[in-house]
Every structure is written in structure tokens, then in C-alpha cells.
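Student: Going by UniProt numbering, the first residue of the sequence shown is number 1, and it counts up by one from there. The beta carbon of each residue, even a glycine, is placed where N, CA and C say it ideally should be.
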Amino acid sequence: SFFSKRPTYFELKPCPEAFCLYSLLVMLIMHLMCFTKFMFVFCFSYSSLNHNELTLLPSLGDISPNITSLSLIHNCISEVSVHQLQPYVSLESLDLTSNSISELKVGSFPSMQLKYVNNRISILEAGCFENISSSLLVLKLNRNRLVTLPSKVFKLPQLQFLEMKRNKIKVVDSLTFKGMDSLKSLKLQRNGITKLMDGAFFGLNNIEELELEHNNLTEVNKGWLYGLRMLRVLGISQNAINIIRSDAWEFCQNLEELDLSFNYITRLEETVFIGLGLLESLNLGDNSISHLGEGVFASLRSVRTLDIRNNEISWAIEDSIGVFEGMKKLNTLILQRNKIKSITKKAFEGPRNLSTCEDLSKNEIMSIHPEALSHVKLKMFILNTSSLLCDCHMQWLASWLTDKPFQQSVSAVCAHPATLLGQSVLDISPDHFVCDDFPKPHITVHPETSVALRGNNVTLSCVASSSSDSPMTTAWRKDGEVLYDAEVQNYARYQDTELIYTTVLHLLNVNFTDEGRYQCVVSNHFGSNYSNRAKLTVNGKCSCRNISLFCLNILWTWIFVGRPSTDSLSLSLSVSLSCPAEMPSFLKTPMDLTIRTGTMARLECAAEGHPSPQIAWRKDGGTDFPNATSLLLPNQLLIIVDAGPTDAGKYTCIMSNTLGTERGHIFLSVSPSPNCETGVAYDQDGWTTVGIVVIVVVCCVVGTSLVWVIVIYHMRRKNEDYSITNTDEINLPADIPSYLSSQGTLSEPPEGYSNSEAGSHQQLMPPLSNGYVHKGTDGVCYGDTGSEVEVEGNNILHCRIGSLFNGRSSFHPGEAHEGLTGVQTGQCFFITTALS
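In C-alpha cells:
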């Protein structure tokens, strides 16, 4: 020891020089050994042989069992075999990226605890991962040429992460990934996938992340999303999606993040997001969305981030419909590049927690209502516009920005009036925000709600005015959608210093489909204005069958002759009946149909009525469609694919609405195909003929059976003798029935007796249980009860059995008789053919 302990202090004693050097050398050697051991374990548990020209998996000798990670990136390895991987018993990670492997065959991997595999292949054989299926956790098949995915390849119950990016997979079939119960992440980006079959991901019961970016999918439906109940993240950006079915999210209601950006979505109907109550992030950016159904986001009560950049939803923001109503947890809203020109009072009604970021940049904002942002507590607000109308309605903006820390993120520059052109609202005195004119269109006459009879014409008018001479344009909308092909007349005139613009919408020969809420939109260079919505109701003309429900329309008309006065006044009264509802009726009379077997049947039920009737089909009074190949389409068609005889029958179309029900019948006949295939449909005469033939055949069979029963009964009653001798001839009575069974053996005869014409020796034959006899020492044939028959091949002789019904029967060795064979040993015979 270098130290000597004292009661209150330590003292360092001097030591000999040799001892100090020796101790220092020992300590240095010990540290070197520890370091060498550490470096050995560290270096030889991980081996990297990247960027070489290896053509086979290398053998590392004695250190192979200690290798846990082996990286062979960018080599020339062309195959993986069992014997090459056998020494690596501790291997957990194998990276074969950028090699020349083109195929993984069955048994490519030995049984090993492999957890991570990166490779580059093009063909996967079913069962190629079988030996490592119990331990494989991560599998990466990126940048390959995989075209198809065999259904039994991915039976990997422990796999948690699967990547197949940048392949050439076009179609994912049903049940492709069944058996991967532990999978949590699946990435299929950049494959060019065009079709996902129903149940494509069924079996992934625990998957949480599904990435399908950069493919060619066109539709989101519940068919390929079936079974993904634990899915939390779904990425479908950079596809060609233009349709999202209303029930698409039925099986993945735990979704938290959804990315639909960079697609071709143009419309979002009211029910498109039903079922996504737990969604927290929604990205709809870079689409072509121009129509938002009323209340489209109402079901997204948990969404915190909504990105709708680079779309065309200006009308939804500029019109006072509260498009974000119901999104109570929304705190980040991105609305870049949406051609928004004005922010109305109710534009952001609903998201009370909007605070993190409201991005309105890259929009030509001209006006913002003072109360549009009053109820939100923004922490970040991004605005970049140089088109503001700096009139008295924008005076509030300067003071609001001054009180908020948004001076660095907001650029608000005036474009009107000319005296304030190019100036920031923060630099303008409040006294300069005045309303001397109104360049933005102002609607003075709104379209009015009206009721019309079916078949009549309806006119809706809208009048707007502006102090600017900027040309005005109009657009008519029905239930939020632009009427591009509507018949519209526009008039413009000057009155004093104002431009008066009138637009008239003509609806000719209105029908029930014309019902809805109509609105006109008037725009010029300074912005747009939206009229009130006018509701149009169309009633049907009353007929005798629905006269119980009608409206009496009375119209008084004041007519003046000459100058208006009480003397020149006359009244005109017109009375008409209208029905707010109409019974269902057929637009086309149902026609019977005859088709050939294997073709497609198209049954049409074109109905009209108000409200629109519901269509239901029945077959022969029930709802059973035998071949389960019928398709009920929304356009009142019933399609039967590959029709067969069981599809023939009476089909009933049932139309119903609030007023009543109507029925129509179609008789479908299925005739045989030209190649006379079996199973064709018979008509009524054909079935009658078949029935008669069946009855005749049954009667013949029953009669024949009765005759045979009587014959056998009488033959068994006869008690005639028979004899078996040791001579070359065996005499049998002519009328003894056969005792040969159908299996070719002798059956048990009835109780015998001893009698012969020549008085020769008679011997009663005992019952034969095994179907053969043998000759005893006394020359008499006995039944053998042994289990086997051993007959020498050179002693087998053929014999003929004479007719048993010609008085006598004789067996003569050496004679041949067609259809009967026998085995002779001495004078005993084994009959092998049944006689009846």
C-alpha cells in the first residue's frame, strides 16, 4: 500500500524506484488487456464490408458466431444460401442493399434470430422467410423490381416494420398480408399502385401506420380499408384520388393523422369525413377543391391542424356559411393560395381555440370584417396582401395589429382609394379611413323564395350596384354549386354615378330536380358579394289518384284601364291546384326479357315521383337472388351477371314515397345457350315431359322388383336334391337358385339333404364362411375356414359352369366358358364369378 493511515491525516511514503516502475508497468498491461477485450467485442460484433466486390456472403472464421450485425451494401452478391449464413448464429441485422440478388428461394435463410433484413430482390417465393419467421422484426425490400406479391410470402407473425418502397407493384390483391398480426408499419411509397382490392390489408390487426404516397390510386373506399381498426396514420398524398366515398372510414375510426394532399379532389360532400371523430391532423393541401358541402367539417371535432393550402375554396370563406363550424379544438389553420378576397363575419365561427397559426398569405385579401377575428385568441397570424380597400370598414385593423405581436408576420398595404395606394395600414392615420364610395358590388335586390308547378317556368332576379366603373360579372349557384349551363340574362346601366347591374336566371319547364336554394354572386375587380339564398319548391300537378293532398293557389290580378282610378279598376281571379307531393309512377313501362344462359340481364325500373321514390326489387315474392351475382345500382337498374336457369322468374320493382307505393313486374326467361350446355332452363311443357318420364321409369323399376321377389320365393320353396361326387362330373338340380354372392364367393346354401338319381354317394355341404372348399383324404370336398387361399399357379385350371337351369349342371376341367372362371384342385372348385 502507498498510504499509511493516521488518526487525522494521510502521509505519502517514498517507494523504491524499481518498485514504482514495476507497478506502473503492471497497471499499463492490465488496462491494455481490458481495452483490447472491449475493442474485440465491439469490432467483431459489428462487421461492415460495404463497397467491395464480394460475390458471396463472406466467411469470417472463428468470429462468425459473435457477429450480430453484418452490412454488405454495394457488393455483387447474387444469391443467399443456407450454408453461407449457417455460421452466423448470433446475427440480428443483415443489410444486402444494392447487390445483384434477383430471387429469394424457399430455405434461403437458416433458423436464426434475425431481426433486421435489408436486401434488393425481384422475385419472392412463397415460404422464403419461413425459417426466420419467428424472429424477423424489420424487413426492407426497397428499390427493387417487385411486380406481384404472392399471398403466402408474408407469413411473418413477429414482423413489426415492412418497407417496399420504389418497386413496380401495380395491384395489391385481397389477403396479401394476412398472417402478419404484429405488423405496426407498412410503407408502399412510389410503386405506381393503381388498384387496392377489397380486403387488401385484412389481417393487419395491429397496424398503426400505412404509407401509400406517390402511387396512382384514384379512390378511397371502405373495401381496401377493411379491417384496419387500429390504424392511426394514413398517408395517401401524391396520388390521383378524386373520389372519397361517404362510408370510406367505417373500419378505421381510430385514425389520428390523414394526409390527402397533392391529389385531384374537387368536391368534399357533407358526409365525406363521417366516422373520423378522433382525427387530429388533416392535410388537404394542393388539390383542386372548389366545393365544400355545408357542415363538411362538423364531424371533425378533434382536429387540431387543418391544412387547405393551394385550393379554390374562396367562396366557402367569403360566403357566410360557417364552414368550420364544429371544429372546437382547431388551433392551426392554413389557407394559403385559395384566391380569397374577403373575410366575412362568420368565416371562422366554430374554432374558438384557434391560436397557433392562421395563415392567409398569398391571397389577395381586400377586406376583413371587424368581427371575423374578434373571438379567437391568435398567437400567430400570417397575412401578406397589397389589395386592401382602406375605407371606414378597415379602420379597426391598424389598432388591432398594434395591440398584437403580429407586426413582423403581417404585411397589409392599401390599393384603394388612390390617395392611400401603396401605404401600410400601420402608417395611416385613423381619420383617413373614410367611406366616400363603394367600389365593391353591393346587392340591392335579392332573389325571392318561390313555389312553382312542375312544368312551369320560373324567373329569379338579382340587382347589384357599384360606384366603380369596373366591369361586373355574375354567377348563379344552386345548393352551393355553380350553374354553368344555366340560361341567364344580364343588364347593365348607369344611374347617376352608380353602375346598376341586373342578372336574371330563367328556369324552364321546372321539375322536382330543380328544387333547391339559389344564390347569385356578383363580382368585380374589388371583390365579390353574395345574395341571400332563395328556396325554390316544385309541386306536382294533381291527378285523381292523389287529389287528397293538394294546395289551392289563388291569384288576384289588379287591372287598370287608362289612368289608375277606382272607376277603371277590374279584378282577375285565377285558381289552380298544386300538389306538394306526387305518387310514384313509371317513366317507362317494364318489359319482359329473354336472354341466353351465361349472358347479362339488365332490368330497368325508371320511376318518377315527389319526393323521389325509393326502389326495391323482389324475385318471385322474396328477396333471394340465387347466384348472388345481382347488382342493384343507384340508377334504378338491376344487373344480373352470368345469368343461369335459377335466375329466371318474376321480378317485381317496388316504388314508394310518402304518398304510396307502385309495383311493376318483369318476367325474365333464360334460354339454353347455342352449345347445348347442361343445366338450361326448361319451359313448362318441358318440365311436364320430364315428370312423365320419371314416373314411368319408377313404375317399371317397382314392377320388376316385385316379379323377382315372387320368382325367388317360389324357387326357394322347392326341395330338390343335389349331389357332389368324387367323379369328374357334378350333378345339380336344374332349378336350384344361385348361392354365389356378388363378391364372387360361395354363399351359404339352404339346409341340404342327400338324394341322387343314380344312387351315388351324397354328401351334405357345410356352410362356407370364407368362400372356398378343399378335398379331404376321403375324396370328399369340405369347406375351409382358413383365412387365406394358397393355390399353386401350375395347378390352376379353367373350367366351365354349365347352365344351372337346364336339368343338370356339370363342371368339366379344361373347357372354357365366357365370363366364368374357376380354380380346380383335384375335383374341388373355387368359383370366383357371381352367378345370378
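Spatial neighbours of Val451 within its chain, please: CB distance less than 6 Å, with the 5 preceding and 5 following residues excluded, ordered by chain position.
Tutor: On the sequence shown, residue 451 is found 451 positions in, with the first residue counted as 1. So the list reads Thr537, once near-sequence residues are dropped.
Student: Would you mind giving the Cβ-Cβ distance between Cys520 and Thr474, rounded to the nearest angstrom? I have them listed as a contact below 8 Å.
Tutor: Mapped onto the sequence shown, residue 520 falls at position 520. Mapped onto the sequence shown, residue 474 falls at position 474. Rounded, the Cβ-Cβ distance is 6 Å, consistent with contact.
Student: What distance in whole Å lies between the Cβ atoms of Val376 and Arg352, which are believed to be in contact at a cut-off of 8 Å?
Tutor: Along the sequence shown, read from residue 1 onward, the residue named residue 352 stands at position 352. Along the sequence shown, read from residue 1 onward, the residue named residue 376 stands at position 376. Contact holds; Cβ gap of about 7 Å.
Student: Taking 8 Å as the threshold (C-beta atoms), are Gln253 and Gly275 in contact?
Tutor: Position 275 of the sequence shown, counting from 1, holds the residue named residue 275. Position 253 of the sequence shown, counting from 1, holds the residue named residue 253. Yes, they are a contact pair.
Student: Thinking C-alpha only, which one of Asn524, Asn283, Ile265, Asn142 is nearest Ile289?
Tutor: Working through the sequence shown from its first residue, we reach residue 289 at position 289. The option with the nearest alpha carbon to Ile289 is Ile265.
Student: What residues in its chain sit with their C-beta under 7 Å from that of Asp514, if we drop five residues either side in the sequence?
Tutor: Position 514 of the sequence shown holds residue 514. Closer than 7 Å at the Cβ level, and outside the excluded window around Asp514, lie Leu507, Leu536, Val538.
Student: Output needed for His74: all residues of its chain with C-beta closer than 7 Å, excluding positions within five of it in sequence on either side, in chain order.
Tutor: Mapped onto the sequence shown, residue 74 falls at position 74. Asn50, His51, Ser98, listed in sequence order.
Student: Would you decide whether Tyr501 is buried or exposed? Buried here means 16 or more other CB atoms lie within 10 Å of its CB.
Tutor: The residue labelled residue 501 in the question sits at position 501 within the sequence shown. Tyr501 should be labelled buried.
Student: In this structure, how does DSSP classify Glu256 when only helix, strand and coil are distinguished?
Tutor: Within the sequence shown, residue 256 is the residue found at index 256, counting from 1. Coil at Glu256, not helix or strand.
Student: At a cut of 8 Å, does the region 140-149 reach the region 166-174 through at least three beta carbon pairs?
Tutor: The answer is yes - the region 166-174 touches the region 140-149, with three or more Cβ pairs under 8 Å.
Student: Roughly how many whole angstroms lie between the Cα atoms of Gly786 and Arg716?
Tutor: Within the sequence shown, residue 786 is the residue found at index 786, counting from 1. Within the sequence shown, residue 716 is the residue found at index 716, counting from 1. Confidence in Gly786 is poor, its pLDDT being 42 and thus under 50, which makes the residue's placement too unreliable to answer from.
Student: Please report the straight-line C-alpha distance between Leu85 and Val303, rounded to a whole angstrom.
Tutor: Indexing the sequence shown from 1 puts residue 85 at position 85. Indexing the sequence shown from 1 puts residue 303 at position 303. Going from the Cα of Leu85 to the Cα of Val303 covers about 50 Å.
Student: Taking all protein chains shown into account, do 16 or more other C-beta atoms lie within 10 angstroms of the C-beta of residue 845, making it buried, or fewer, making it exposed?
Tutor: Outside the shown range of the chain, which is 1 to 836, sits residue 845, and nothing can be said about it.
Student: Would you mind working out which of Asp437, Asn310, Gln238 sits nearest Cys390, comparing C-alpha positions?
Tutor: Sequence index remark: in the sequence shown, residue 390 carries index 390 (1-based). When each option's Cα is compared against that of Cys390, the closest is Asp437.
Student: Can you tell me where the alpha helix (DSSP H) holding Ser399 begins and where it ends?
Tutor: The residue you call residue 399 lines up with position 399 of the sequence shown. Run containing Ser399: 395-403, per the alpha helix (DSSP H) assignment.
Student: Would you call the region 148-161 and the region 179-187 in contact, with 3 or more CB pairs under 8 Å?
Tutor: Yes, since at least three Cβ pairs between the region 148-161 and the region 179-187 fall closer than 8 Å, the two stretches touch.
Student: State the DSSP-derived secondary structure class of Trp476, mapped to helix, strand or coil.
Tutor: As a working note, residue 476 is residue 476 in the sequence shown. In this structure, Trp476 counts as strand in the three-state DSSP scheme.
Student: To which residues does DSSP link Asp359 through a beta bridge?
Tutor: Indexing the sequence shown from 1 puts residue 359 at position 359. Asp359 is bridged to Ile334, Ile382.
Student: Identify whether Glu448 lies in helix, strand or coil by the three-state DSSP scheme.
Tutor: As a first step, residue 448 is located in the sequence shown; it is residue number 448 there, counting from the start. Coil, per DSSP.
Student: Please work out which residues of its chain come closer than 6 Å, Cβ to Cβ, to Glu209, disregarding the five sequence neighbours upstream and downstream, and give them in chain order.
Tutor: As a working mapping, residue 209 is identified with position 209 in the sequence shown. For Glu209, where only same-chain residues beyond five positions count, the Cβ hits under 6 Å are Ser185, Val233.
Student: Pick from Asn457, Gly527, Ser48, Phe201: whose alpha carbon is nearest that of Val510?
Tutor: As a first step, residue 510 must be located in the sequence shown, where it is residue number 510. Closest option to Val510, Cα to Cα, is Asn457.
Student: Taking the alpha-carbon of Thr497 as reference, which of Ser470, Val488, Arg477, Thr503 has the nearest alpha-carbon?
Tutor: What you label residue 497 is simply residue 497 of the sequence shown in a count that begins at 1. Of the candidates Ser470, Val488, Arg477, Thr503, the one whose C-alpha sits nearest the C-alpha of Thr497 is Ser470.
Student: Measure the alpha-carbon distance for Leu383 versus Arg517 and round it to whole angstroms.
Tutor: In the sequence shown, residue 383 corresponds to position 383, counting from 1. In the sequence shown, residue 517 corresponds to position 517, counting from 1. Taking the straight line from one Cα to the other gives about 34 Å.
Student: Report the option in Glu79, Ser100, Glu270, Leu70 whose CA atom is closest to the CA atom of Glu92.
Tutor: Within the sequence shown, the letter at position 92 stands for residue 92. If we check each option's Cα against that of Glu92, Leu70 comes out closest.
Student: Rounding to the nearest angstrom, what Cα-Cα distance links Leu124 and Leu139 in this structure?
Tutor: Numbered from its first residue, the sequence shown carries residue 124 at position 124. Numbered from its first residue, the sequence shown carries residue 139 at position 139. Each residue's Cα considered, the two are about 13 Å apart.
Student: For the alpha helix (DSSP H) containing Ala316, list its first residue and its last residue.
Tutor: If you number the sequence shown from 1, residue 316 lands on position 316. Looking at the DSSP string, the run of the alpha helix (DSSP H) that includes Ala316 is 314-318.
Student: Got a sec, what are the start and stop residues for the alpha helix (DSSP H) Leu85 sits in?
Tutor: Within the sequence shown, residue 85 is the residue found at index 85, counting from 1. Unbroken alpha helix (DSSP H) run through Leu85: 82-85.
Student: Which residues in the same chain have their Cβ closer than 8 Å to the Cβ of Ile67, if we skip the five residues on either side of it in sequence?
Tutor: The count along the sequence shown starts at 1 and reaches residue 67 at position 67. Taken in chain order, the residues that qualify are Phe44, Ser45, Tyr46, Ser47, Leu60, Tyr88, Ser90, Leu91.
Student: By the 10 Å Cβ neighbour count, where 16 or more other Cβ atoms means buried, how is Trp708 classified, buried or exposed?
Tutor: The sequence position of residue 708 within the sequence shown is 708, counting from 1. It is exposed - the Cβ of Trp708 has fewer than 16 other Cβ atoms within 10 Å.
Student: Bridge partners of residue 869, per DSSP?
Tutor: Any question about residue 869 goes unanswered here, given that the chain covers just 1 to 836.
Student: In angstroms with no decimal places, state the Cα-to-Cα distance between Lys775 and Ile712.
Tutor: For the purposes of this step, residue 775 is taken as residue 775 along the sequence shown, with counting starting at 1. For the purposes of this step, residue 712 is taken as residue 712 along the sequence shown, with counting starting at 1. Here the model assigns Lys775 a pLDDT of 46, short of 50, so the residue's position is not dependable and the matter cannot be decided.
Student: So who's on the other strand from Thr661, going by DSSP bridges?
Tutor: By one-based count along the sequence shown, residue 661 stands at place 661. Thr661 pairs with Ser656.
Student: If we ignore side chains and look at the alpha-carbon of each, how far apart do Asn795 and Thr689 end up?
Tutor: In the sequence shown, the residue the question calls residue 795 occupies position 795. In the sequence shown, the residue the question calls residue 689 occupies position 689. With a pLDDT of 41 at Asn795, under the threshold of 50, the modelled position of this residue cannot be trusted; read the value that follows with caution. In a straight line, the C-alpha of Asn795 is about 59 Å away from that of Thr689.
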